[in-house]
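As they're listed, the protein sequences go chains A and B.
The working numbering applies: residue 57 is where the first sequence begins, and numbers increase by one.
The working numbering applies: residue 57 is where the second sequence begins, and numbers increase by one.
Before any comments, here is the structure.
Number of protein chains: 2
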Amino acid sequence: MDEQGAVAAIRAIHEVFMRTEAGVTGPLAELGLTPATAQALWALEPDEEPPSMKTVASRLHCNAPNLSFVADQLAARGLVERVPDPRDRRSRALVLTEKGRQVRAQVMRTTVESSPLSALDPDDVATLLSVLDKIVPASGRVQDS
Amino acid sequence: MDEQGAVAAIRAIHEVFMRTEAGVTGPLAELGLTPATAQALWALEPDEEPPSMKTVASRLHCNAPNLSFVADQLAARGLVERVPDPRDRRSRALVLTEKGRQVRAQVMRTTVESSPLSALDPDDVATLLSVLDKIVPASGRVQDS
DNA sequence: ATAACAACTTCGAGACTCGAAGCAAGTTGC
DNA sequence: GCAACTTGCTTCGAGTCTCGAAGTTGTTAT
């Protein structure tokens, strides 16, 4: 019963994720974005201290070469810039450009619209968050370690 | 702020999914599986009427050529067989082999262990499911009926 | 100073996904 | 019956995504 509940929950979360992605891929393409680049935009909060490549890579659960590749694409579209860190010149921070901020906001709007979660009442969303907050660190700000 | 709740929920679900996948990729590789092939195994219930390729493709939100590719890999490992449908010989059903059933059970065990969801109380899991069931069809209803 | 380490990049290979085109089987209209 | 159309699946080719290995530049410790 416990086991079956976990299986059902994993399946349900997987399904919500897949539907969201399937629904948003088209609109993303119209913005010149792929799922990978859009996901990277999600990881860049406009108001935080610009994170290093390493920090962003860990947020995306990917490795450094992959993030370099994705960052190249975002930079080529003028959505982010690599800014050297004056305190450690090996490190480069990813900074959203003004266009990047606008596109990111559009991506988030489109994703919310495309997600099955938008069909839930605010109460249900709150319930969902209260449970998920127990296993993923507070969803607003992710700390680097 | 309704908007913000939806964004936070999408982010949280995304994060749970990514962590589960990141944690399970290694053990999957030891079973000779990739995320794509393991995902296909999830879509094959051992006790249901064997689904056609088309049905499985729609479950996985992918297209026919992609499923052909994945089914080839599963068949090469002896985990599934393509069985022609006597009622429509264009159609082929995907059937789990005995080895396929065993590997699928192992995949599900490993996934449950690797998922952050396994840290939740049964009550929380039930709460989660009660909300998610509102937006995803009660998928994979259990086999004891 | 020299060695060890860290952040990032480049390179090459493999895996995944998709559209286009093709094939075999079923369906419809004459 | 037969030709035209549709459907389920496969093959093929291209593009994207991810990763390990190796190299570059900068930092830290001895």
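The beta carbon of each residue, even a glycine, is placed where N, CA and C say it ideally should be.
Per DSSP, the bridge partner or partners of residue i
{"i": "A:Val204", "result": "Given a span of 57 to 201 for chain A in the structure shown, any question on residue 204 of chain A remains unanswerable."}
{"i": "A:Ser170", "result": "DSSP, once it has assigned bridges, lists no residue as partnering A:Ser170."}
{"i": "A:Ser108", "result": "A:Ala149"}
{"i": "A:Asp31", "result": "A question about residue 31 of chain A goes unanswered here, because the residues of chain A that appear run from 57 up to 201."}
Under 8 Å from the C-beta of residue i: neighbouring residues of chain B
{"i": "A:Ser114", "result": "What A:Ser114 touches in chain B: nothing, since even the nearest Cβ is about 11 Å away."}
{"i": "A:Leu123", "result": "Chain B residues near A:Leu123: none, gap ~14 Å exceeds 8 Å."}
{"i": "A:Leu130", "result": "By Cβ distance, chain B contributes nothing, its closest Cβ being about 18 Å from A:Leu130, past 8 Å."}
Contacts of residue i in chain A (Cβ-Cβ under 8 Å)
{"i": "B:Asp180", "result": "Val187 and Lys190"}
{"i": "B:Leu173", "result": "Ala62, Ala65, Ile66, Ile69 and Ile191"}
{"i": "B:Ala78", "result": "His117"}
Contact set between residue i and chain A, taken where Cβ atoms lie within less than 7 Å
{"i": "B:Thr183", "result": "Thr183 and Val187"}
{"i": "B:Leu84", "result": "What B:Leu84 touches in chain A: nothing, since even the nearest Cβ is about 14 Å away."}
Cross-chain neighbours of residue i in chain B, by beta carbon under 9 Å
{"i": "A:Leu87", "result": "Per Cβ cutoff of 9 Å: no residues; A:Leu87 is ~17 Å from chain B at best."}
Proximal residues of chain B, C-beta to C-beta of residue i below 7 Å
{"i": "A:Leu97", "result": "In chain order: nothing, as chain B lies at least about 12 Å away."}
{"i": "A:Ala149", "result": "Result: empty, since nearest Cβ-Cβ is about 21 Å, beyond 7 Å."}
{"i": "A:Leu152", "result": "By Cβ distance, chain B contributes nothing, its closest Cβ being about 16 Å from A:Leu152, past 7 Å."}
Cβ-Cβ separation, residue j to residue i (assumed contact under 8 Å), whole Å
{"i": "A:Pro172", "j": "B:Val192", "result": "7 Å"}
{"i": "A:Val80", "j": "B:Gly61", "result": "Not a contact, Cβ separation roughly 18 Å."}
{"i": "B:Ser75", "j": "B:Ala99", "result": "Note on identity: in this sequence residue 75 of chain B is Arg, with Ser being the wrong assignment. Wrong, their Cβ atoms sit about 21 Å apart, outside the cutoff."}
{"i": "B:Ala149", "j": "B:Pro102", "result": "That belief does not hold up - the Cβ atoms of B:Ala149 and B:Pro102 are roughly 13 Å apart, past 8 Å."}
{"i": "B:Pro83", "j": "B:Thr166", "result": "5 Å"}
{"i": "A:His117", "j": "B:Ala85", "result": "16 Å between Cβ atoms; not a contact."}
{"i": "B:Leu185", "j": "A:Ala64", "result": "6 Å"}
Any non-hydrogen atom of the ligand MG closer than 7 Å to residue i Cβ
{"i": "A:Arg145", "result": "Ligands are entirely absent from the displayed structure, and the ligand MG is therefore not among its contents."}
Under 9 Å from the C-beta of residue i: neighbouring residues of chain A
{"i": "B:Leu100", "result": "Neighbours of B:Leu100 on chain A: none; closest Cβ ~13 Å, over 9 Å."}
(request) Anything in the stretch 58–75 of chain B with a Cβ closer than 8 Å to a Cβ of chain A? List those residues in chain order, please. (result) Within the stretch 58–75 of chain B, the residues whose Cβ lies closer than 8 Å to any Cβ of chain A are, in chain order, Asp58, Glu59, Gly61, Ala62, Val63, Ala64, Ala65, Ile66, Arg67, Ala68, Ile69, His70, Glu71, Val72, Phe73, Met74 and Arg75.
(message) Taking beta-carbon pairs under 7 Å, can you tell me which members of the stretch 156–170 of chain A lie near chain B?
(response) Flagged, chain order: Met164, Thr167 and Val168.
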